[in-house]
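S.K.: Number 298 marks the last residue of the sequence shown (this note's numbering); no jumps. Just so it is clear, CB atoms sit at the ideal spot from N, CA and C, and this is done for glycine as well.
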Amino acid sequence: MTLLTFRFAPSPNGELHLGHAYSALLNQNLARAASGRLLLRIEDIDTTRCTPQFEAGMLADLKWLGLGWEEPVRRQSEHFAEYGTMLDRLIREELVYPAFMSRGEIRAFITDSEHRGRDWPRDPDGVPLYPPADKALPVKERKRRIAENAPFAWRLDVGTAMARAGKDLAWAEFVDETLSATRFVEACPQDWGDVIVARRDIPTSYHLAVVMDDALQGVSHVVRGQDLFSATGVQRLLQEILELPRPAYFHHRLILGPDGRKLSKSLKDTGLAALRDAGATPEDVRRMVGL
C-alpha cells in the first residue's frame, strides 16, 4: 500500500508568519490523519534572497510549533544539476525558447501596442504577458546572442506545450480541509503566457523545480495557499509534457492581516519568532489560525 505523502515547502527569504504556520500545521494534521508522510522541502533557488540565517530561523520556528518531518530535508539549491537535465530535455524538444527582452523593452513594446489601441493581456497576477517577438527569432540569431553573452531567460512555449500535452489538463482539487470530496478543475496555463522555466545562471524556476521535486519525492497531495491556485495550471502542463505523476491538490484559505490582505514576508508581517518572544505558545498559534 502506498503511503499518502504531504509536504511543506517554504522559501528561506524572510521570517515565517501565521500563514506559514497554518499551512505547515494543516499538512501535518492531514498526514497524521492518513497515517502518511510529511516532508519538509527548502525552496531556495533564489540564491540572492534566500539565506542560511533565514533557514535557521525557519527551522527553529517549525520545531517550536511541534512540526515533525522525515529526513533528509530536500534543498533545491543542492539539485541544480537535476533541474538542468530536465531543462535540456525541454530545449531538445523545442518546448522552450531563449527570451532576451529586458523589462524596459517589454514595457516599451506594450506601451507602443496600447498606444495603437490594443489592450495588452495580463496574467492572473496582473502582470503583462511576455511579447511574442523572441519566439520568432531565427535559430542562428538566438545562438549569436547567446554566444555574445546577452542576458536571457528560458520561457515555455505554452502554445506548443499545450498542443503536445493534448486536452487532459484537469487536476483533482479537494474542496475542504478534510480532503473528503474533490472536484476537477480545468487547467488554463495559457492565462500566464510564456512563463519563465529557467534563467541563464539558474537552470530552473519555481514552476519547473516544484513539479520535479513533487515527482521525485513521491508527493501525493499538494496542500498550499489559495494564492497559488491559478499557478497550478502551469504546473499541470509541465507535468504532462515531462510525463510526471499528477498529485491531488488542496488550495487552502489564506490567513489575512487586520487590513484584509494576505500576510507577507516581504512586508515584514509579524513573524512566529516575534510571537514566541512576546510569550505566545504553539497552542496560541493553533487557535490564531483556526486549528
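Using beta-carbon positions only, say whether A280 and E22 come within less than 8 Å of one another.
M.R.: Yes, the Cβ-Cβ distance between A280 and E22 is below 8 Å.
S.K.: Which partner residues does G232 have in the DSSP bridge list?
M.R.: DSSP output for G232 lists H259 as bridge partner(s).
S.K.: Under the DSSP definition of a beta bridge, which residues are partnered with F181?
M.R.: Paired residues: T189.
S.K.: Would you say L298 and Y29 are within 8 Å of each other, going by their C-beta atoms?
M.R.: Yes. Within cutoff.
S.K.: Using the Cα positions of A168 and Q246, report the straight-line distance between them to the nearest angstrom.
M.R.: Answer to the nearest angstrom: the Cα atoms are 11 Å apart.
S.K.: Between the region 202-212 and the region 89-99, can you find at least three pairs of beta-carbon atoms closer than 8 Å?
M.R.: Flag = yes, the region 89-99 and the region 202-212 touch.
S.K.: Look up K269 in the DSSP assignment and say whether it is helix, strand or coil.
M.R.: Three-state DSSP puts K269 in a strand.
S.K.: Kindly identify the DSSP beta-bridge partner or partners of W161.
M.R.: Bridge partners of W161: P105 and A205.
S.K.: Quick check: S187 and T12, are their CB atoms within less than 8 Å of each other?
M.R.: Contact flag unset, no.
S.K.: Compute the Euclidean distance between the alpha carbons of P135 and G286, then round it to the nearest angstrom.
M.R.: If you take the alpha carbons of P135 and G286, they lie about 45 Å apart.
S.K.: Round the Cβ separation of A205 and L94 to the nearest angstrom and send it over; I've been treating them as touching at under 8 Å.
M.R.: Contact flag correct, Cβ pair sits at about 5 Å.
S.K.: Do three or more CB pairs link the region 250-269 to the region 44-60 at distances below 8 Å?
M.R.: Because the criterion of three Cβ pairs below 8 Å is not met, the region 250-269 and the region 44-60 do not touch.
S.K.: Excluding the five sequence neighbours on either side, which residues of its own chain have a C-beta within less than 8 Å of the C-beta of A177, listed in chain order?
M.R.: Taken in chain order, the residues that qualify are F191, V192, E193, A194 and R243.
S.K.: Helix, strand or coil for H24, going by three-state DSSP, please let me know.
M.R.: Reduced to three states, the DSSP call for H24 is strand.
S.K.: Suppose contacts are defined by Cβ-Cβ distances below 8 Å. Is V146 in contact with Q197 by that definition?
M.R.: No, the Cβ-Cβ distance between V146 and Q197 is not below 8 Å.
S.K.: If we ignore side chains and look at the alpha-carbon of each, how far apart do A157 and A172 end up?
M.R.: Distance between the alpha carbons of A157 and A172: 31 Å.
S.K.: According to the Cβ coordinates, are A160 and I203 closer than 8 Å?
M.R.: Yes. Within cutoff.
S.K.: Output the boundary residues of the alpha helix (DSSP H) element that contains T239.
M.R.: T239 -> alpha helix (DSSP H) spans T239 to I248.
S.K.: Taking the DSSP output, what are the residues bridged to G278?
M.R.: In the DSSP output, where bridge partners are listed per residue, G278 has H24.
S.K.: Can you tell me whether DSSP reads P135 as helix, strand or coil?
M.R.: Looking at P135 - three-state DSSP - the assignment turns out to be strand.
S.K.: Would you list the one or two residues that DSSP bridges to F13?
M.R.: Answer is L45.
S.K.: Judging by CA-CA distance, which residue of A41, H27, R96 and S84 is the nearest neighbour of M65?
M.R.: That would be H27, whose Cα lies nearest to the Cα of M65.
S.K.: Mapping DSSP to helix, strand and coil, what is R152?
M.R.: Three-state result, R152: helix.
S.K.: Based on the DSSP secondary-structure assignment, which residues constitute the bridge partners of E77?
M.R.: DSSP output for E77 lists L46 as bridge partner(s).
S.K.: From L32 to A154, what does the alpha carbon distance come to, in whole angstroms?
M.R.: In a straight line, the C-alpha of L32 is about 48 Å away from that of A154.
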